[in-house]
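For the sequence shown, position 181 (counting from the first letter as 1) is numbered 182 according to the working numbering, and the numbering increases by one without interruption. Built from N, CA and C at the ideal position, the CB exists for glycine as well.
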Amino acid sequence: MKYIESVEVTEAGGFPVGVVRFAERMEALSCAVLNGGLKEVSAFFVMQVPRDYDCSDPLEDARRVRAELGLPEDAMGMMTAAEVDYVFNVREVSYDGLEVAAIATAGLSNHVVAGEVLDDYEEKSAVSTRRAREMAGTINVCVVSPVPLTVEGKVNLMIPLVEAKSVAMAEHGFMETGTTSDAMAILSPKLEGATDWAGTGSSVGIAAARAVSAAVGYALDIRNEHPIPISPSRILERMWLDAEDLRAMSGSGMGPEEYRASLDGLLSRDDVRAALDLAWHAADRVDSIAQDGGAAHMDVALRALSAVLGTDAPEEGSLMDCAVEMVSRKAGGLRWPKEAP
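Written out as structure tokens, the structure is:
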């Protein structure tokens, strides 16, 4: 891409730093640690920090790295605890005669669905750490547009950027939409004729989305990132249910302790855990299609659960309501319906 002069991974303070220098000063809109907001920049860097980094002055750390590398005062800087020397990458995509570049790093130990609280960091971090020695989560993305953009245009281009980031995660099996520390940037040249329109349906938006998806996808692949199955206990927590609720639901004559032991035994089975994880992740889609008349999806899902649990499915209800009902009755030693002999 003509606006990118050089790309390198170097080192500062004992940690790798990915650096991109631009052929000319670019307009930028970002949430970067250093020189974020609306700025003009001539370089961009992503510095690696220690895992579980919790410095009280990240801005000063970024300034130190900028100075150590001899970068210009207007350099824009971001941070990650992912391995920069592996995940820092640039992907260029052309569409309709426009070439857009996406610069990205990605790590997912603190991945989360937007709007949810990150309440299982230890579990996610442990799995991520097992996959590499120094892994933590941030997705940093910088899109370089060949088209001059107004402020409105830069904001508009953020939409395909963020959507494409989430698409890359979905294509790797994640329900989560990002991490709790993501940083994004849009860069465009300082030229006349800046446009307000750079959304998902525009040529620059399409090229940007494809470039972002490729760059984030590459970083996830190189780190061998995979989703963590949701545990049955977490499913019940998210449905505001506990063992006593399931005992009442089952109609079982077991006492609380006996039922809890039976339930724990059932939920410890690998096939049951896998079936509930798959049902949880498919539930919204299955329920929505079923509501629109696509009964086959619900039928297939319930038959799969029935085969694993060895009990008949309820005749109605959402997929997860049915799944929990089936689990409750299996744990209680009963079959559906109640009046069955």
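In angstroms, rounded to a whole number, what distance separates the CA positions of residue i and residue j?
i    : j    : result
S319 : R286 : 11 angstroms
G14  : D86  : 14 angstroms
R132 : E316 : Because the pLDDT of R132 is 40, which lies under 50, any placement of that residue in the model is unreliable, and the number read from its coordinates should be weighed accordingly. Cα to Cα, the separation comes out at about 43 angstroms.
I231 : D278 : 6 angstroms
P233 : I160 : 34 angstroms
H282 : R330 : 22 angstroms
E238 : A276 : 17 angstroms
I104 : A216 : 7 angstroms
V8   : G294 : 52 angstroms
L119 : E100 : Its pLDDT being 46, under 50, L119 is placed unreliably in this model, and the coordinates cannot settle the point.
M176 : A280 : 13 angstroms
G108 : G194 : 37 angstroms
L60  : P190 : 26 angstroms
M27  : A220 : 25 angstroms
G174 : E245 : 33 angstroms
A115 : T180 : Note that A115 scores 45 on pLDDT, short of 50, meaning its location in the model is unreliable; the coordinates nonetheless yield the value given after this. Cα to Cα, the separation comes out at about 8 angstroms.
G38  : G78  : 12 angstroms
By the DSSP assignment, the beta strand (DSSP E) with residue i in it spans what residues?
i    : result
V145 : 139–145
V42  : 38–49
V94  : 90–96
S319 : Careful: S319 lies outside any beta strand (DSSP E) and carries neither H nor E.
D7   : In the sequence on display, residue 7 carries Ser and not Asp. Segment 5–13, the beta strand (DSSP E) holding S7.
Which same chain residues end up closer than 7 angstroms to residue i when comparing Cβ atoms and leaving out the 5 residues on each side of it in sequence?
i    : result
G266 : none
M185 : S31, C32, V142, M159, L162, V163
M321 : M240, A280, W281, A284
E6   : R22, F23, A24
Excluding the 5 residues flanking residue i on each side, which residues of the same chain have their C-beta closer than 8 angstroms to its C-beta?
i    : result
V168 : A210, S214
A76  : L35, N36, V42, S43, A44, F45, F46, R67
L303 : A314, L320, C323
Residue i by DSSP, collapsed to three states: which one?
i    : result
I207 : helix
V85  : helix
N111 : In this prediction, N111 scores a pLDDT of 47, lower than 50, which makes its location untrustworthy; the coordinate-derived value is nonetheless stated afterwards. In this structure, N111 counts as coil in the three-state DSSP scheme.
E326 : helix
V18  : strand
S253 : coil
V34  : coil
E135 : Bear in mind that a pLDDT of 37 at E135, under 50, signals an unreliable position, so the model cannot answer this.
L99  : strand
I104 : strand
A199 : coil
E258 : helix
Just confirm the distance between the C-beta atoms of residue i and residue j, as a whole number of angstroms; I'd bet it's less than 8 angstroms.
i    : j    : result
R224 : V88  : 6 angstroms
A208 : V94  : 5 angstroms
G333 : R248 : 7 angstroms
H298 : A291 : 6 angstroms
A212 : A83  : Their Cβ separation, rounded to whole angstroms, is 19 angstroms, which puts A212 and A83 out of contact at 8 angstroms.
Starting from residue i, trace the alpha helix (DSSP H) in both directions and tell me its first and last residue.
i    : result
P190 : Segment 184–190 is the beta strand (DSSP E) holding P190; no alpha helix (DSSP H) there.
I290 : 271–292
V148 : Counting along the chain, V148 falls outside any alpha helix (DSSP H), and DSSP gives it neither H nor E.
A308 : 296–310
V168 : 152–172
D62  : 59–69
E238 : 233–239
Verify the contact flag: residue i, CB atom, against every heavy atom of the ligand SAM, threshold strictly below 8 angstroms.
i    : result
L242 : For the ligand SAM, the structure offers nothing, since it holds no ligand at all.
What residues in its chain sit with their C-beta under 6 angstroms from that of residue i, if we drop five residues either side in the sequence?
i   : result
F16 : Q49
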